[in-house]
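Student: Residue numbers (my numbering): 19 to 219. Okay, here's the structure, questions in a sec.
What follows is the structure, encoded as C-alpha coordinates:
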(Lines of atoms letter the chains of each structure in order from A and count residues from 1; the text may use other names and numbers.)
(Lines give C-alpha, C1' and ligand atoms only; values in the text may rest on other atoms or scores of the structure.)
Protein backbone atom coordinates (compact mmCIF):
# COMPACT_ATOMS: atom_id res chain seq x y z
CA UNK A 1 0.00 0.00 0.00
CA UNK A 2 1.67 3.17 -1.16
CA UNK A 3 2.10 6.34 0.85
CA UNK A 4 0.53 9.28 -0.95
CA UNK A 5 1.89 12.79 -1.12
CA UNK A 6 -0.50 15.71 -0.84
CA UNK A 7 -1.07 16.04 -4.60
CA UNK A 8 -1.91 12.36 -4.89
CA UNK A 9 -4.23 12.63 -1.91
CA UNK A 10 -6.21 15.26 -3.76
CA UNK A 11 -6.46 13.12 -6.89
CA UNK A 12 -7.52 10.07 -4.88
CA UNK A 13 -10.08 12.08 -2.98
CA UNK A 14 -11.54 13.37 -6.25
CA UNK A 15 -11.78 9.84 -7.65
CA UNK A 16 -13.59 8.66 -4.51
CA UNK A 17 -15.95 11.60 -4.83
CA UNK A 18 -16.69 10.68 -8.45
CA UNK A 19 -17.58 7.13 -7.41
CA UNK A 20 -19.95 8.37 -4.72
CA UNK A 21 -21.45 10.91 -7.11
CA UNK A 22 -22.21 8.09 -9.52
CA UNK A 23 -23.95 6.12 -6.80
CA UNK A 24 -26.01 9.17 -5.87
CA UNK A 25 -27.05 9.60 -9.50
CA UNK A 26 -28.11 5.98 -9.77
CA UNK A 27 -29.95 5.96 -6.47
CA UNK A 28 -31.80 9.18 -7.22
CA UNK A 29 -33.29 7.48 -10.28
CA UNK A 30 -34.13 4.20 -8.59
CA UNK A 31 -33.80 4.35 -4.84
CA UNK A 32 -36.51 1.72 -4.40
CA UNK A 33 -33.98 -0.86 -5.58
CA UNK A 34 -31.82 0.13 -2.58
CA UNK A 35 -28.70 -0.91 -4.53
CA UNK A 36 -28.41 -4.08 -2.44
CA UNK A 37 -26.47 -2.28 0.29
CA UNK A 38 -26.34 -3.75 3.79
CA UNK A 39 -25.51 -2.56 7.33
CA UNK A 40 -22.10 -4.24 6.94
CA UNK A 41 -21.20 -1.84 4.15
CA UNK A 42 -22.38 1.13 6.20
CA UNK A 43 -20.41 -0.08 9.23
CA UNK A 44 -17.23 -0.24 7.16
CA UNK A 45 -17.55 3.50 6.46
CA UNK A 46 -18.05 4.31 10.14
CA UNK A 47 -14.99 2.26 10.99
CA UNK A 48 -13.10 4.52 8.58
CA UNK A 49 -14.66 7.63 10.11
CA UNK A 50 -13.58 6.57 13.59
CA UNK A 51 -10.10 5.59 12.43
CA UNK A 52 -9.55 8.91 10.65
CA UNK A 53 -10.88 10.80 13.69
CA UNK A 54 -7.89 9.55 15.65
CA UNK A 55 -5.67 11.18 13.03
CA UNK A 56 -7.71 14.39 13.26
CA UNK A 57 -6.93 14.38 16.98
CA UNK A 58 -3.18 14.31 16.28
CA UNK A 59 -3.57 17.37 14.04
CA UNK A 60 -5.51 19.24 16.72
CA UNK A 61 -3.17 18.44 19.63
CA UNK A 62 0.16 16.76 20.36
CA UNK A 63 -1.05 15.47 23.75
CA UNK A 64 -0.35 11.74 23.52
CA UNK A 65 -2.27 10.96 26.72
CA UNK A 66 -5.35 12.55 25.17
CA UNK A 67 -4.80 10.60 21.95
CA UNK A 68 -4.69 7.40 23.99
CA UNK A 69 -7.87 8.36 25.84
CA UNK A 70 -9.73 8.88 22.56
CA UNK A 71 -8.45 5.64 21.05
CA UNK A 72 -9.49 3.62 24.11
CA UNK A 73 -13.11 4.79 24.01
CA UNK A 74 -15.33 1.83 23.10
CA UNK A 75 -18.74 1.61 21.42
CA UNK A 76 -21.73 0.86 23.59
CA UNK A 77 -23.76 -2.30 23.09
CA UNK A 78 -27.17 -1.35 21.73
CA UNK A 79 -30.09 -3.33 20.34
CA UNK A 80 -33.15 -2.81 18.22
CA UNK A 81 -31.89 0.11 16.15
CA UNK A 82 -33.17 0.83 12.65
CA UNK A 83 -31.55 2.67 9.71
CA UNK A 84 -33.58 5.76 10.69
CA UNK A 85 -31.92 5.73 14.12
CA UNK A 86 -28.50 5.50 12.48
CA UNK A 87 -29.38 8.44 10.23
CA UNK A 88 -30.20 10.53 13.31
CA UNK A 89 -26.75 9.79 14.73
CA UNK A 90 -25.24 10.60 11.34
CA UNK A 91 -26.97 13.98 11.16
CA UNK A 92 -25.78 14.83 14.67
CA UNK A 93 -22.27 13.94 13.53
CA UNK A 94 -22.56 16.00 10.35
CA UNK A 95 -23.36 19.09 12.44
CA UNK A 96 -20.16 18.58 14.42
CA UNK A 97 -18.09 17.88 11.31
CA UNK A 98 -19.39 21.00 9.59
CA UNK A 99 -18.41 22.97 12.67
CA UNK A 100 -14.89 21.53 12.38
CA UNK A 101 -14.82 22.43 8.69
CA UNK A 102 -15.94 26.00 9.38
CA UNK A 103 -12.72 26.56 11.31
CA UNK A 104 -10.98 26.18 7.93
CA UNK A 105 -13.66 28.10 6.00
CA UNK A 106 -14.70 24.88 4.27
CA UNK A 107 -18.18 24.36 2.87
CA UNK A 108 -20.67 22.08 4.64
CA UNK A 109 -20.49 18.40 3.78
CA UNK A 110 -22.70 17.17 0.99
CA UNK A 111 -26.00 15.56 1.87
CA UNK A 112 -28.14 12.99 0.07
CA UNK A 113 -31.87 13.28 0.72
CA UNK A 114 -34.00 10.29 -0.22
CA UNK A 115 -37.71 10.20 -0.93
CA UNK A 116 -40.39 9.86 1.74
CA UNK A 117 -40.01 6.09 1.93
CA UNK A 118 -38.59 4.47 5.08
CA UNK A 119 -34.88 5.14 5.57
CA UNK A 120 -32.83 2.37 3.96
CA UNK A 121 -29.18 1.30 4.25
CA UNK A 122 -28.60 3.01 0.89
CA UNK A 123 -29.56 6.44 2.24
CA UNK A 124 -27.38 5.90 5.31
CA UNK A 125 -24.50 4.56 3.20
CA UNK A 126 -24.49 7.50 0.80
CA UNK A 127 -24.57 10.06 3.58
CA UNK A 128 -21.93 8.17 5.57
CA UNK A 129 -19.65 8.19 2.54
CA UNK A 130 -20.12 11.93 2.13
CA UNK A 131 -19.27 12.45 5.80
CA UNK A 132 -16.14 10.32 5.47
CA UNK A 133 -15.08 12.23 2.36
CA UNK A 134 -15.67 15.55 4.14
CA UNK A 135 -13.52 14.43 7.05
CA UNK A 136 -10.69 13.22 4.81
CA UNK A 137 -10.86 16.51 2.90
CA UNK A 138 -10.31 18.31 6.23
CA UNK A 139 -7.28 16.11 6.91
CA UNK A 140 -5.85 16.80 3.46
CA UNK A 141 -6.30 20.52 4.05
CA UNK A 142 -4.70 20.43 7.48
CA UNK A 143 -1.70 18.17 7.10
CA UNK A 144 1.30 18.98 4.98
CA UNK A 145 2.97 15.70 5.81
CA UNK A 146 2.60 12.51 3.84
CA UNK A 147 -0.65 10.79 4.73
CA UNK A 148 -1.92 7.37 3.75
CA UNK A 149 -5.67 7.75 3.28
CA UNK A 150 -6.50 4.34 1.79
CA UNK A 151 -6.82 2.64 5.24
CA UNK A 152 -9.82 4.85 5.95
CA UNK A 153 -11.78 3.46 2.99
CA UNK A 154 -13.13 -0.10 3.12
CA UNK A 155 -12.22 -2.81 0.66
CA UNK A 156 -14.49 -5.58 -0.55
CA UNK A 157 -12.71 -8.06 1.73
CA UNK A 158 -13.31 -5.90 4.81
CA UNK A 159 -17.03 -5.72 4.08
CA UNK A 160 -17.36 -9.40 3.21
CA UNK A 161 -15.82 -10.47 6.53
CA UNK A 162 -18.40 -8.57 8.62
CA UNK A 163 -22.02 -9.45 9.29
CA UNK A 164 -23.55 -6.41 10.95
CA UNK A 165 -26.87 -4.96 12.04
CA UNK A 166 -28.15 -1.37 12.19
CA UNK A 167 -27.47 -1.51 15.93
CA UNK A 168 -23.77 -2.15 15.24
CA UNK A 169 -23.65 0.85 12.92
CA UNK A 170 -25.51 3.01 15.44
CA UNK A 171 -22.97 2.15 18.13
CA UNK A 172 -20.03 3.15 15.92
CA UNK A 173 -21.75 6.36 14.81
CA UNK A 174 -22.42 7.26 18.44
CA UNK A 175 -18.77 6.55 19.30
CA UNK A 176 -17.70 8.88 16.49
CA UNK A 177 -20.03 11.56 17.85
CA UNK A 178 -18.43 11.26 21.28
CA UNK A 179 -14.90 11.43 19.87
CA UNK A 180 -15.60 14.42 17.65
CA UNK A 181 -17.34 16.24 20.52
CA UNK A 182 -14.14 15.79 22.57
CA UNK A 183 -12.04 17.08 19.67
CA UNK A 184 -14.22 20.17 19.23
CA UNK A 185 -14.08 20.85 22.96
CA UNK A 186 -10.29 20.66 22.77
CA UNK A 187 -10.23 23.15 19.90
CA UNK A 188 -12.49 25.53 21.83
CA UNK A 189 -10.23 25.31 24.88
CA UNK A 190 -7.15 26.05 22.79
CA UNK A 191 -8.80 29.07 21.20
CA UNK A 192 -9.73 30.43 24.63
CA UNK A 193 -6.18 29.88 25.89
CA UNK A 194 -4.71 31.64 22.86
CA UNK A 195 -7.08 34.55 23.41
CA UNK A 196 -5.92 34.88 27.01
CA UNK A 197 -2.25 34.82 26.05
CA UNK A 198 -1.49 31.14 26.57
CA UNK A 199 -1.79 28.01 24.48
CA UNK A 200 -2.72 24.40 25.22
CA UNK A 201 -1.07 22.02 22.73
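Quick reminder that beta carbons are idealized off the backbone N, C-alpha and C, glycines included. Please read these numbers as outputs of a predicted model, since none were measured by experiment.
CA-CA distance, residue 126 and residue 95?
Tutor: Taking the straight line from one Cα to the other gives about 31 Å.
Student: According to DSSP, is residue 56 part of a helix, a strand, or is it coil?
Tutor: Note: residue 56 maps to coil in three-state DSSP.
Student: Does residue 192 come out as helix, strand or coil in the three-state DSSP assignment?
Tutor: Here residue 192 sits in helix by DSSP.
Student: Mapping the DSSP letters down to three states, classify residue 170 as helix, strand or coil.
Tutor: In the structure shown, residue 170 sits in a helix (DSSP, three-state: H, G or I).
Student: Helix, strand or coil for residue 85 per DSSP?
Tutor: Helix, per DSSP.
Student: Can you round the beta-carbon distance between residue 161 and residue 77 to whole angstroms, since I take them to be within the 8 Å contact cut?
Tutor: Between residue 77 and residue 161 the Cβ distance is about 6 Å, and since that is below 8 Å, they are a contact.
Student: Given this structure, state the Cα-to-Cα distance separating residue 83 from residue 100, to the nearest angstrom.
Tutor: In a straight line, the C-alpha of residue 83 is about 35 Å away from that of residue 100.
Student: Do residue 68 and residue 190 have their beta-carbon atoms positioned less than 8 Å apart in this structure?
Tutor: Going by C-beta atoms, residue 190 is nearer than 8 Å to residue 68.
Student: Report buried or exposed for residue 154, applying the criterion of at least 16 other Cβ atoms within 10 angstroms of its Cβ.
Tutor: Classification of residue 154: buried, given that the 10 Å Cβ count is 16 or more.
Student: Can you check whether the CB of residue 171 is closer than 8 Å to the CB of residue 55?
Tutor: For residue 55 and residue 171, no; Cβs fall outside 8 Å.
Student: Can you give me the start and stop residues for the alpha helix (DSSP H) that residue 114 sits inside?
Tutor: Looking at the DSSP string, the run of the alpha helix (DSSP H) that includes residue 114 is 101-120.
Student: What is the C-beta distance between residue 73 and residue 157, in whole angstroms, given that I count them as a contact (C-beta under 8 Å)?
Tutor: So it is a contact: roughly 6 Å between Cβ atoms.
Student: For residue 148, name the three-state secondary structure that DSSP assigns.
Tutor: In the structure shown, residue 148 sits in a helix (DSSP, three-state: H, G or I).
Student: If we ignore side chains and look at the alpha-carbon of each, how far apart do residue 98 and residue 107 end up?
Tutor: Each residue's alpha carbon lies about 15 Å from the other.
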